[in-house]
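As structure tokens, the structure follows; a few thoughts come after it.
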Amino acid sequence: MSSSDLNAPAPVLVNLQLNGEATSVAVPPHWTLLELLRYGLGQTGTKQGCDKGDCGTCTVRIDGEPQLACLTLAVDVRDRSVETIEGLGTGGEPHPLQEAFARLGAAQCGFCTPGMLMSATAYVDDLTLQDNPQVKRDDIAAALAGNLCRCTGYTKILDAVEEVAHSVLNRQRELAESTAEDE
Ligand code: FES
Ligand code: FES
-6 MSSSDLNAPA PVLVNLQLNG EATSVAVPPH WTLLELLRYG LGQTGTKQGC
44 DKGDCGTCTV RIDGEPQLAC LTLAVDVRDR SVETIEGLGT GGEPHPLQEA
94 FARLGAAQCG FCTPGMLMSA TAYVDDLTLQ DNPQVKRDDI AAALAGNLCR
144 CTGYTKILDA VEEVAHSVLN RQRELAESTA EDE
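Heads up: the sequence shown runs through residues -6 to 176, numbered per my numbering.
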């Protein structure tokens, strides 16, 4: 054992709900959530960009809220729920936002896309909880303001999120109307 091994801080155990699954991983106490995901668990869908809070590509949802994994200490997600791109959809069954991003050309190199999608899902989920939800382009842009994209010029990303937000709200209204008719 080298002297640097002897000086290394003891790992700490982090228990969390990751994409709905109880997960335990031992990590160095100074690791960020981004390091826990990518190097502790090998989940590389969450991207490592600037590593200092500027680009948004590491965005995940912690207890539903979009947060930057590169600025979150791993120990701070103990006993909390973390959602990442790996939990959003699969190639065979993509999330509607993933399908719309692909169809409308909202993902080009794709480096920003996981973080962008996590912010977008939070925006759409939040809309469904509002009393009188309105889809507004400015609100979508504000929700995605922390996610930088060097390829798309943003228009197609906004188009995709706007389309999905309308479709989710329309389905929610139809469901409410059919439930009211049944009563
Ligand atoms: S990698 Fe976290 S904000 Fe850029
Ligand atoms: S698609 Fe390349 S950075 Fe956004």
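For every residue, glycine included, the Cβ atom is placed at its ideal position computed from N, Cα and C. Fair warning: this is a prediction, and the values are worked out from it, not measured in the lab.
The beta carbons of PRO22 and VAL5 sit closer together than 7 Å. Judged by the Cβ position, LEU11 fails to qualify as a neighbour of ligand 1 at the 6 Å threshold, every heavy atom of the ligand being at least this far.
Closer than 6 Å to some heavy atom of ligand 1: that does not describe the Cβ of GLY33.
At the C-beta level, GLU156 and ALA93 come within 7 Å of one another.
For the region 63 to 144, the full-length alpha helix (DSSP H) segments reaching 4 residues or more read 89 to 97, 106 to 121, 130 to 136 along the chain. Between ARG71 and ASP56, the gap from beta carbon to beta carbon reaches 7 Å or more. ALA15 and LEU34 have their alpha carbons spaced roughly 13 Å apart. No Cβ-Cβ contact shorter than 7 Å links ALA62 with VAL68. By a beta-carbon distance limit of 8 Å, LEU81 contacts LEU110. Their separation comes to about 6 Å.
Here the alpha carbons of ASP119 and LEU11 stand approximately 20 Å from one another.
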